[in-house]
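Residue numbers (UniProt numbering): 1 to 390.
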């Protein structure tokens, strides 16, 4: 690790208002008009039906975020992983998932559209439903617009063995492709992507598409390429970067480098593991007995099957890394926030979760880097890194 990476920036930290007990899974984008927009999900606890999408914005140069506005209203489903996407036509899309209880195999992707930069919104509709054959469908990363006008939306399929509750072991990645502005879509799977999710795609200067993945096995960040605008993908290969089965995000910078935010940790840094992501949600969608405890650390690292999803690796430190070779290597790294990253429970009410996770990164026209992340599952925090004048 090198701290010299951060010496080139002035740093400002802010905390977004938190209208709910739990806040998680932020995504940033530059809105039409220049404001920075942030969406996340909040409620009692991930997987419960009161989880909804929230939206706040930050004006250029400001340090105070607006009061959050709730953008989803389904009282029967947990609405998660929101994304804001300014389309080439000028509309602003909100994409998010909606699932029953802790069953990600029931998740569908929903769409809501604003034609005035996020002030008012059309009625929510289902864009991609869950299907018995293909499982639930989840999003986390923003769509990509190619020079041809093609839209690519990375998704992952939440697959289960019949009769077995979803665990994440069998999840696979794909891209939804639209060549007509989002009117119709087709799905192209990524070969060899079982256990690899949160596919994050950007176009490199040579025209190829580079995808980075979170690993359910909590081993490494993985990388895949497409040289035909997303129609086909290489099998993902592990990078020399750890992953803890938690979200990552990268963005191309104006100087040609790639900037990645992630947790520099893996299962190798864990002493215990959780049973599953939703081991605190019962079959009715409510909190199970003993939710407030960290009793889900029932299996040791040594007992985990090598191919199984690993839940509970520390979600810290929150790190920034840079690549100058299209994501092959990431030699420059600095920790942005440090802590023990305890996440053997999703409980926010009792302060038992201390993760620093699910980062989102974007660059504004002034060259500043903006990073949002989950702080202890209680609030979303924002870091602004402004390049220093030389």
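Even glycine gets a Cβ: it sits at the ideal position worked out from N, Cα and C.
Problem - 8 Å Cβ cutoff met for residue 83 and residue 139 - result: yes
Problem - Strand pairing of residue 41, partner residues [DSSP] - result: 24, 53
Exercise for the section: Write down the C-beta distance between residue 214 and residue 237 rounded to the nearest angstrom, noting that I regard them as a contact closer than 8 Å. Expected result: About 15 Å; that fails the 8 Å criterion.
Practice task
Under 8 Å by Cβ, that's how I've got residue 98 and residue 74 pegged, so tell me the actual separation to the nearest angstrom.
Solution key: 6 Å
Exercise for the section: Hey, could you find the ends of the beta strand (DSSP E) residue 177 is sitting in? Expected result: 172-178
Practice task
For the beta strand (DSSP E) holding residue 158, just list the boundary residues, first then last.
Solution key: Start and end: 151-158.
Problem - Residues of its chain near residue 386, where Cβ-Cβ distance is below 7 Å and the 5 sequence neighbours each way are ignored - result: 9, 10, 368
Handout entry: Proximal residues to residue 274 (C-beta, below 6 Å), its chain only, five neighbours per side dropped
Key = 296, 311, 312, 344
Problem - Proximal residues to residue 12 (C-beta, below 7 Å), its chain only, five neighbours per side dropped - result: 63, 384.
Handout entry: Completely contained beta strand (DSSP E) runs for the region 109-134, where each covers 3 or more residues
Key = 125-128
Exercise for the section: Can you tell me which of 246, 341, 377, 371 puts its alpha carbon nearest to the alpha carbon of residue 350? Expected result: 377
Problem - Cβ separation of residue 307 and residue 217, assumed to be a contact under 8 Å, to the nearest whole Å - result: At roughly 7 Å, the Cβ-Cβ gap stays under 8 Å, so residue 307 and residue 217 are in contact.
Practice task
Measure the CB-CB distance between residue 102 and residue 47 and report whether it falls below 8 Å.
Solution key: yes
Handout entry: Spatial neighbours of residue 235 in its chain, beta-carbon cut-off 6 Å, leaving aside the 5 residues before and after
Key = These residues qualify, in order along the chain: 191, 192.
Problem - Exposure of residue 4, with buried meaning 16 or more beta-carbon neighbours within 10 Å - result: exposed
Practice task
Flag this pair as yes or no: are the beta carbons of residue 172 and residue 159 separated by less than 8 Å?
Solution key: yes
Problem - Three-way DSSP call (helix, strand, coil) for residue 7 in this model - result: helix
Practice task
Just the C-alpha distance for residue 299 and residue 135, rounded to the nearest angstrom, thanks.
Solution key: In this predicted model, residue 299 has a pLDDT of only 43, less than 50, meaning its place in the structure is not dependable; the value taken from the coordinates is given anyway. Taking the straight line from one Cα to the other gives about 27 Å.
Practice task
Label residue 226 either buried or exposed according to how many other C-beta atoms from any shown protein chain fall within 10 Å of its C-beta, with 16 as the threshold for buried.
Solution key: buried
Exercise for the section: List the DSSP bridge partners of residue 375. Expected result: 356, 379
Problem - Proximity below 8 Å, CB of residue 57 to CB of residue 36 - result: yes
Problem - Local Cβ density within 10 Å of residue 154, reported as buried at 16 or more and exposed below that - result: buried
Problem - For residue 188 and residue 210, the rounded distance between their alpha carbons - result: 15 Å
Practice task
Just the C-alpha distance for residue 55 and residue 118, rounded to the nearest angstrom, thanks.
Solution key: Each residue's alpha carbon lies about 9 Å from the other.
Exercise for the section: Helix, strand or coil for residue 259, going by three-state DSSP, please let me know. Expected result: strand
Practice task
Take residue 233 and list the residues in its own chain whose beta-carbon comes closer than 6 Å to its own, dropping the five residues that flank it on each side.
Solution key: 190, 224, 226
Handout entry: For residue 384: DSSP bridge partner residues
Key = 12, 370
Handout entry: Contact check, residue 374 vs residue 358, beta carbons under 8 Å
Key = In this structure, the beta-carbon distance from residue 374 to residue 358 falls below 8 Å.
Problem - Alpha-carbon spacing of residue 281 relative to residue 319, whole angstroms - result: 30 Å
Handout entry: Beta-carbon spacing of residue 331, residue 263 below 8 Å
Key = no
Exercise for the section: Using the Cα positions of residue 182 and residue 125, report the straight-line distance between them to the nearest angstrom. Expected result: 13 Å
Exercise for the section: Quick one: using the 10 Å Cβ neighbour count with 16 as the cut-off for buried, is residue 105 buried or exposed? Expected result: buried
Handout entry: Helix, strand or coil at residue 105 according to DSSP, with G and I counted as helix
Key = strand
Practice task
Please report how far the alpha carbon of residue 115 lies from the alpha carbon of residue 90, in whole angstroms.
Solution key: Spanning the two alpha carbons is a distance of roughly 7 Å.
Problem - Contained beta strand (DSSP E) runs [length at least 3] in the region 195-282, N- to C-terminal order - result: 196-203, 209-215, 220-226, 237-242, 249-252, 258-263
Handout entry: DSSP-derived helix/strand/coil call for residue 82
Key = strand
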